Each structure stands twice: as C-alpha cells, then as structure tokens.
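Read the structure below first, then the notes.
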Ligand code: TRP
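Residue numbers (our numbering): 170 to 486.
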C-alpha cells in the first residue's frame with residue numbers, strides 16, 4: 170500500500186528558534202518515515218512581507234540549510250519551493266474564478282488586516298487561494314498546520330468541493346492536522362517563545378550565546394524551582410527526571426542554569442555542526458532543492474493537465 174501524503178508549507182522568514190523547532194520543524198521531520206511528505210517553501214507567499222530580493226534570496230538559502238540540518242531527508246521528502254512550480258500560481262487563477270470576494274472577506278487574516286485599517290494588497294486578500302492551490306495540486310491526505318492556519322485548510326477544502334461539483338471529481342479533500350502550538354513552547358520570560366517578545370533561544374546558537382541567554386533568564390521561583398528555567402528544560406527532559414533534580418537543587422539557580430546550558434548545548438551542537446557542514450557547499454544544498462522542484466513539477470503538471478481537460482481549455486489532441 171502506498172503511503173499517505175502529508176504536505177507542509179514552510180515560510181522562509183529568518184532564523185528559527187527552538188520554539189519553531191518543537192512546534193513544527195521536528196514534527197515535519199518525524200513524519201518522513203510514515204508519510205510521503207511534500208515540504209514546500211512558500212516563497213511567493215512570503216512576498217507579501219519580503220520585498221527586498223537580497224533578503225528573499227538569503228531567507229530561501231537559510232531555510233534550506235535549516236531543514237537539511239535538522240534531518241530532512243531529500244531522498245524521502247519532496248523538498249521544493251513554490252516558485253519552481255509555476256502550476257501553483259496557474260491553478261490559483263483558476264480557483265480565483267470560482268471563489269467569491271465575500272467568501273474570502275471572512276478569512277481571519279483579511280479581517281485582522283481590515284480591523285487594523287491596513288491598505289490590503291490583492292496578494293494578501295488572495296493568500297488563501299494560492300495556499301489552496303499549493304495543497305490541492307498534490308492530492309495530500311493531511312496538512313499539518315498551526316491552529317491559526319486551520320481556516321485556510323478549510324478554505325482549500327471548500328474550493329476543492331466547489332471545483333469538483335462544477336467540473337467533476339478532480340481534487341481530494343485534505344484534513345488539517347493541528348500541530349502542537351508554539352504557545353506551549355515557553356520563552357525565556359515564560360511567555361510563548363516569539364521573536365516579537367525577544368525571548369527566544371535560536372535553534373543554531375553557539376555555546377556562548379546559549380550561555381548568555383540562559384544566564385539572563387529571570388528566576389521567578391516557586392519553592393526554589395525557577396519556573397522559566399524549568400519550563401525550557403522540560404522540552405529536553407521529561408518531568409519524571411527533571412522534577413527530582415530540581416527539587417534536590419531547590420534554590421540553586423546558578424547550578425540549575427548550568428545544567429540547562431549543558432543540556433541545550435548537547436541538543437543544539439549536533440544540529441549546529443550539521444548546518445555548518447551544509448553551509449560549506451551552498452550550491453550543493455540548492456541542487457537538492459532544485460531536484461525537489463523537478464520532482465514536484467512532474468506531479469503538478471499532470472494535475473494541471475487534468476484540470477485543463479476538466480475546464481475545457483484543452484482543445485488540442
Ligand atoms: N499559510 C501558511 C503559514 O502561514 C503557509 C502555507 C502556504 C502553507 N501554503 C501552504 C501551509 C500549504 C500548509 C500548506 O504558515
């Protein structure tokens with residue numbers, strides 16, 4: 170029996186932190202054994218915020234190195250970027266013609282932008298439709314997403330149904346699988362780990378950086394257990410191990426922080442070293458992405474042929 174298909178969208182948006190790792194990156198890599206995974210770098214989606222070509226290029230290269238470093242295996246996963254498969258934007262247009270404005274105006278992202286009185290560009294408005302095309306081209310069974318993206322997967326399902334009803338069965342309806350939220354990954358101040366709170370531990374930190382960050386953690390404590398230190402430590406070790414350790418060292422903040430530094434270093438060092446290896450040969454890393462793009466293109470173009478056939482524009486024999 171062939172494996173089920175899982176498709177993930179990856180935003181190329183700067184340095185990942187361990188919150189991103191535990192909330193999404195690791196889950197994607199863990200899936201590669203069980204599923205036929207499509208890992209898609211959504212560079213065209215990212216254009217809505219990145220309008221500097223140098224930054225765009227750097228972000229794409231960085232995200233490729235990040236995912237290779239954490240163990241994404243290009244033999245198992247189709248790892249590619251949206252802009253290498255023009256079928257995504259092509260299908261987006263076709264979907265645009267069967268999607269109404271009032272329907273898209275109900276999307277959270279649009280409503281939020283509107284509430285903030287932002288001048289909304291057409292790309293932002295149309296964002297869920299491009300995402301629907303990303304998804305539906307590959308007949309995936311599941312779409313692992315954060316809770317904030319659930320509505321977008323529902324939009325993809327609605328569009329698929331509408332197309333199928335109008336033109337005949339073409340697209341499979343995928344299920345959203347809601348991943349552990351970044352909200353459960355605490356930052357150095359106890360709030361969720363987020364760049365905007367400045368409370369992150371970068372995933373590929375150097376030892377000195379880890380040390381500096383951990384030493385700066387505020388040690389609010391309950392019965393001598395510094396809760397912010399503990400919460401981060403708990404990502405790396407189960408409570409059954411950690412609690413007795415923290416109890417036996419209650420109040421010894423410096424010692425507990427040193428233990429956390431060592432554990433973080435043990436976890437981060439191999440990833441950091443692997444990333445450095447890949448970074449030594451960027452053309453080689455990018456060749457992996459290019460190969461993935463060719464693989465995806467084959468599948469997407471078959472699907473698009475089917476779509477063109479269904480909508481009646483295929484007039485040649
Ligand atoms: N909108 C998603 C996000 O912001 C990214 C994305 C684009 C995506 N296309 C996708 C996610 C397809 C899953 C499937 O995170």
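Using N, Cα and C, we set each Cβ at its ideal position, and we do this for glycine too. Since the structure is predicted, the reported quantities are computational estimates derived from the model, not experimental observations.
Asked	Found
Specify whether the segment 412-422 and the segment 378-397 touch according to this definition: at least 3 beta carbon pairs, one from each stretch, less than 8 angstroms apart.	yes
With the cut-off set at 7 angstroms, would you say residue 207 and residue 307 are in Cβ contact?	yes
Per DSSP, which one or two residues make a beta bridge with residue 278?	The partner list for residue 278 (beta bridge, DSSP) is empty, contrary to what the question assumes.
Who does residue 177 pair with in a DSSP beta bridge?	208
Between which two residues does the beta strand (DSSP E) holding residue 347 run?	344-347
Between which two residues does the alpha helix (DSSP H) harbouring residue 258 extend?	256-265
For residue 312, report the span of its beta strand (DSSP E) as first-last.	311-314
Taking Cβ to Cβ, would you say residue 174 is nearer than 7 angstroms to residue 309?	yes
Taking residue 226 as the reference, which of 252, 205, 244, 203 has the closest Cα?	252
Let's see if you can read the secondary structure: which residues bound the beta strand (DSSP E) around residue 247?	247-250
Which same chain residues, not among the five before or five after residue 457, have their C-beta less than 6 angstroms away from its C-beta?	243
Is any non-hydrogen atom of ligand 1 found closer than 6 angstroms to the C-beta of residue 312, if you look at the structure I gave you?	yes
Would the segment 441-455 and the segment 398-408 be scored as touching if the rule is three or more Cβ pairs under 8 angstroms?	no
Who are the near neighbours of residue 475 in its chain, counting only those whose CB is closer than 7 angstroms to its CB and skipping five residues on each side?	339
Pick out whichever of 431, 180, 316 has its Cα sitting closest to the Cα of residue 236.	180
I'd like the span of the alpha helix (DSSP H) that includes residue 422, first residue to last.	422-449
Within the present structure, is the beta-carbon of residue 242 separated from the nearest heavy atom of ligand 1 by less than 6 angstroms?	no
Please return the same chain residues whose Cβ sits closer than 6 angstroms to the Cβ of residue 311, not counting the five positions on each side in sequence.	175, 344, 346
How would you label residue 323, buried or exposed, when you count the other beta carbons within 10 angstroms and need 16 or more for buried?	exposed
Taking residue 256 as the reference, which of 301, 379, 455, 229 has the closest Cα?	301
Measuring only the C-alpha atoms, how far is residue 440 from residue 238?	6 angstroms
Can you give the beta carbon distance from residue 297 to residue 276, rounded, assuming they're within the 8 angstroms contact cut?	5 angstroms
Would you say the beta carbon of residue 257 comes nearer than 6 angstroms to a heavy atom of ligand 1?	no
Return the Cβ separation of residue 383 and residue 430 in integer angstroms, given the expectation that the two are a contact with Cβ distance under 8 angstroms.	5 angstroms
If you follow the alpha helix (DSSP H) that residue 169 is part of, which residue opens it and which one closes it?	Shown here, the chain extends from 170 to 486; a query on residue 169 therefore has no answer.
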